[in-house]
Amino acid sequence: MSDNITESTVPKNFIAAIIEKDNETGKYDGRVATRFPPEPNGYLHIGHAKSICLNFGLAKGFGGTCNLRFDDTNPSKEEVEYVDSIKEDVHWLGFDWDDRLFYSSDYFDQLYAFAVQLIKDGKAYVDSLSAEEIREYRGTLTEPGKDSPYRTRSIEENLDLFERMKNGEFADGEHLLRAKIDMASPNVIMRDPALYRIRKVDHHRTGDKWCIYPMYDFTHCVSDSLEKITHSVCTLEFENNRPLYDWVLENLGIYRPQQIEFARLNLTYTVMSKRRLIQLVEEGHVSGWDDPRMSTISGMRRRGYPAAAIRNFCERIGVAKATNMVDFALLEFSVREELNAHSPRYMGVINPLKVVIENYPDDKTEEFEFQNNPEDPEAGTRMVPFSKILYIERDDFMEDAPKKFFRLAPGREVRLRYAYYIKCTDVIKDENGEVIGTALYL
RNA sequence: AGGGACAUCGUUCAAUUGGCAGGACAGCGGAUUCUGGUUCCGUCAAUCAAGGUUCGAGUCCUUGUGUCCCUGCCA
Numbered sequence: 001m002s003d004n005i006t007e008s009t010v011p012k013n014f015i016a017a018i019i020e021k022d023n024e025t026g027k028y029d030g031r032v033a034t035r036f037p038p039e040p041n042g043y044l045h046i047g048h049a050k051s052i053c054l055n056f057g058l059a060k061g062f063g064g065t066c067n068l069r070f071d072d073t074n075p076s077k078e079e080v081e082y083v084d085s086i087k088e089d090v091h092w093l094g095f096d097w098d099d100r101l102f103y104s105s106d107y108f109d110q111l112y113a114f115a116v117q118l119i120k121d122g123k124a125y126v127d128s129l130s131a132e133e134i135r136e137y138r139g140t141l142t143e144p145g146k147d148s149p150y151r152t153r154s155i156e157e158n159l160d161l162f163e164r165m166k167n168g169e170f171a172d173g174e175h176l177l178r179a180k181i182d183m184a185s186p187n188v189i190m191r192d193p194a195l196y197r198i199r200k201v202d203h204h205r206t207g208d209k210w211c212i213y214p215m216y217d218f219t220h221c222v223s224d225s226l227e228k229i230t231h232s233v234c235t236l237e238f239e240n241n242r243p244l245y246d247w248v249l250e251n252l253g254i255y256r257p258q259q260i261e262f263a264r265l266n267l268t269y270t271v272m273s274k275r276r277l278i279q280l281v282e283e284g285h286v287s288g289w290d291d292p293r294m295s296t297i298s299g300m301r302r303r304g305y306p307a308a309a310i311r312n313f314c315e316r317i318g319v320a321k322a323t324n325m326v327d328f329a330l331l332e333f334s335v336r337e338e339l340n341a342h343s344p345r346y347m348g349v350i351n352p353l354k355v356v357i358e359n360y361p362d363d364k365t366e367e368f369e370f371q372n373n374p375e376d377p378e379a380g381t382r383m384v385p386f387s388k389i390l391y392i393e394r395d396d397f398m399e400d401a402p403k404k405f406f407r408l409a410p411g412r413e414v415r416l417r418y419a420y421y422i423k424c425t426d427v428i429k430d431e432n433g434e435v436i437g438t439a440l441y442l
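Number 180 in the working numbering belongs to position 180 of the first sequence; there are no gaps in the numbering.
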């Protein structure tokens, strides 16, 4: 872990307000349980940091818990490399899930049993329409859909078909388990959403045990329920899915958390969609997920951004439901602020210009005490040698200097920090008239 | 003639729930500075529109307008 989070104040945002109210009414007996549920299909980026800080911050602020749960229900896109990087990034950001590390795939058996329960209750059925047909039957945003001819299959037939789906008797796409809700619902999400699909690929954790996998809408709410989450915080694009979240839990008759949506982070000049990020990596435009130019947590870490800076940034941007576009300058401010307060200062000369102190003894060497960080006396000091010949940055010297140039120039006197004042009395050039050094006196 | 959500300084988040619209970033001006950094002070700047209720509206009501999300067997 990069550093510790010392403060744990109660967050101030609309979600915290909801939690406070729930605590007052005793809705969850004062219990607060959140979760950060990434799909391990890529590296975490600064947008995830907002969600991490929110979920872990809410838990910490209210004395509750926050689980880390990998939403791994789409084996064709997920890899262990991603789960490893996600764990590392969350830790580095300064948060800890303790022993509460979960995977949606942990619940595959339970999920299957729940699906069977829905079938037995006549609330789910096996559809045998093709993907294209299902799309046609779904209707459009302005027109209602129509029932699949397989919607009225008997419970026995559905049970048999679903079991055979699980046993691998069918090819991908041949059958689909759907919730029986309402094909005419104005909310397209509710038009008999898919619950389970056949996908004959190995899962990074369950291997070839399963060839049917539960969909997000069926998995996420059940996972939240099993983990006794109180406030299921997610981004705005899931607003349309909330009725389905509630429908599944209600019809299963199990514990029901409440889903709360907030606006995801958008940053100026910054690519943040996972699709684009993965494209940059795969097409070799960057050196990897942790390329310093990437908006990933690992990229920012490699770039030198302190975790505390990212946390402060997330604190400053706030949490709301309005679509936003945060100025990158705010992130940079947070980084500078943190770096300024904690970074030791060192010197480096990238493009050297030789300086000879003409009236300084040839063989003398002195050492001066430099502060490692003037902002922080605790950072200590270090000794830096000084002698007749030294090198300065070329940009710090100008032969024809304008008045506003405060660095070294012919006839000008400057102070070498922590050392002497020097004055430029001569300029030495090579045969091409190029400056190769300056001669100075104390 | 679909449904859902959102709308406050340039940006972002607030506003004790009907009582003087505030902070941060960005911008501008100045002071300090052995880092052209930092710090400090000052300053500019907003309630989407039109009606209505009220002593009083960012907040409540009505009607508009604009933006975002939803037609994956992705999450």
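By construction, the Cβ of each residue, glycine as well, lies at the ideal position given by its N, Cα and C atoms.
The model shown is predicted, which means the values in this text are computed figures rather than measured ones.
Within 8 Å, strictly: CB atoms of residue i and residue j
i: V355; j: G411; result: no
i: C314; j: K60; result: no
i: R135; j: D172; result: no
i: I46; j: M272; result: yes
i: L252; j: Q117; result: yes
i: R394; j: N359; result: no
i: L161; j: A115; result: no
i: R293; j: G284; result: no
i: E367; j: V349; result: no
i: I119; j: L58; result: no
i: A263; j: A320; result: yes
Residue from the options with nearest C-alpha to residue i
i: C53; options: R394, E81 and T9; result: T9
i: K12; options: P377, I317 and I189; result: I317
i: V335; options: A322, N324, I350 and P306; result: P306
i: F102; options: A113, I119, G94 and V83; result: V83
i: E261; options: A309, D109 and T34; result: T34
i: A113; options: K388, Y213 and I181; result: Y213
i: N187; options: G253, F386, P144 and K274; result: P144
i: F386; options: L280, I357 and A309; result: I357
i: Y216; options: Y107, D147, G207 and K146; result: Y107
i: K209; options: L267, K166 and P361; result: K166
i: R31; options: I46, G47 and F62; result: F62
i: I392; options: L353, M398, D400 and M383; result: L353
i: V427; options: R242, L252, M398 and G47; result: M398
i: K364; options: T381, I389, E378 and I350; result: I389
i: G168; options: R197, K321, P193 and T140; result: R197
i: S148; options: L236, V349, H45 and K180; result: K180
i: V435; options: D22, D396, W289 and G26; result: D396
i: D202; options: A194, C211 and G64; result: C211
i: D121; options: R100, W97, D99 and L159; result: L159
i: L265; options: E378, E237 and I18; result: E237
i: E337; options: V349, T323, V319 and N312; result: N312
i: P75; options: H204, P361, L58 and E174; result: H204
i: Y421; options: R407, D430, N241 and L267; result: R407
i: R276; options: A263, Q259, T268 and S295; result: S295
i: Y418; options: R382, D430 and Y255; result: R382
i: M183; options: E157, S225, G207 and T140; result: T140
First through last residue of the beta strand (DSSP E) which encompasses residue i
i: D426; result: Y421 to K429
i: D106; result: Neither: D106 is in no beta strand (DSSP E) and is coded neither H nor E.
i: I35; result: For the sequence presented, residue 35 should be read as Arg rather than Ile. Taken as a continuous stretch (DSSP letters only), the beta strand (DSSP E) holding R35 covers A33 to F36.
i: A124; result: A124 to D127
i: A179; result: L176 to A179
Residues bridged to residue i [DSSP beta-bridge criterion]
i: D267; result: It should be noted that the sequence gives Leu, not Asp, for residue 267. V326, per the DSSP bridge assignment.
i: K354; result: Y391 and G437
i: G207; result: H203
i: V414; result: I422
i: A341; result: Bridge partners of A341: none, in fact.
i: Y213; result: R197
i: F70; result: Y103
i: M165; result: Bridge partners of M165: none, in fact.
i: E367; result: P385
i: H220; result: Beta-bridge pairing links H220 to no other residue.
i: F397; result: L408
Enclosing alpha helix (DSSP H) for residue i [first to last residue]
i: S232; result: No alpha helix (DSSP H) holds S232; the beta strand (DSSP E) holding it covers H231 to T235.
i: E88; result: V80 to W92
i: L249; result: R242 to L252
i: E261; result: Here E261 belongs to no alpha helix (DSSP H); instead the beta strand (DSSP E) covers Q258 to F262.
i: R302; result: I297 to R303
i: S51; result: I46 to G61
i: V281; result: K274 to E282
Cβ-heavy atom distance, residue i to the ligand GTP, below 7 Å
i: F397; result: Questions concerning the ligand GTP fall outside what the structure shown contains, since it holds no ligand whatsoever.
Would you be able to state if there are at least three C-beta pairs under 8 Å between the stretch 357-373 and the stretch 332-349?
Here the stretch 332-349 makes contact with the stretch 357-373; the two share three or more CB pairs at distances below 8 Å.
I'd like to know if the stretch 84-101 and the stretch 118-127 are in contact, where contact means that at least 3 CB-CB pairs between them fall below 8 Å.
Too few Cβ pairs lie closer than 8 Å, so no.
Are the stretch 218-225 and the stretch 241-256 touching, with three or more C-beta to C-beta distances below 8 Å?
Yes, they touch.
How do the stretch 38-45 and the stretch 67-76 stand: do at least 3 beta-carbon pairs fall below 8 Å, yes or no?
The stretch 38-45 is in contact with the stretch 67-76.
Do the stretch 137-157 and the stretch 230-237 touch if we need at least three Cβ pairs shorter than 8 Å?
The answer is no - the stretch 230-237 does not touch the stretch 137-157, with fewer than three Cβ pairs under 8 Å.
Closer than 8 Å is the cut-off here; do at least three beta carbon pairs connect the stretch 293-307 with the stretch 320-330?
Per the Cβ contact rule, the stretch 293-307 is not in contact with the stretch 320-330 (fewer than 3 Cβ pairs under 8 Å).
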